[in-house]
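One structure is given below, encoded as structure tokens.
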Amino acid sequence: MLLLEEHIDLGIKYDPSTGIYGMDFYVVLELPGYHVDRRRRCKSHIGIQHRVTKDDAMKWFQVKYEGVILNKS
């Protein structure tokens with residue numbers, strides 16, 4: 900299970916000169932071939948079936964990393 904509560908869980912030594920910083924992680928999930936929509940030459944649209952939905956991404960994270968997803972309130 901991947902659960903980080905403090906910076907020492909990452910193996911980083913605390914340095915008071917850097918101050919307090921947040922530990923927000925952002926991950927972008929894409930299926931292979933998704934770059935076709937963003938490339939400079941020969942662009943094409945990505946079909947709705949080829950996009951990763953929020954539910955698919957959450958389910959993948961739970962299965963792959965046995966992670967726990969917390970609801971923002």
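The opening residue of the sequence shown carries number 900 in my numbering; numbering runs sequentially from there. Each residue gets a CB set at the ideal place from its N, CA and C atoms; glycine is no exception. The structure displayed is predicted, hence computed values, not measured ones.
Expressed to the nearest angstrom, what Euclidean distance is found between the alpha-carbon atoms of Gly932 and Lys942? 11 Å
With a cut-off of 8 Å, does the C-beta of Gln948 fall near any C-beta of chain D? Given the protein chain composition of this structure (a single chain), no chain D is represented.
Per DSSP, what kind of secondary structure is Val962 in: helix, strand or coil? helix
Measuring only the C-alpha atoms, how far is Ile968 from Val951? 17 Å
Relative to the alpha-carbon of Ile945, which residue among Asn970, Lys963, Leu930 has its alpha-carbon at the smallest distance? Leu930
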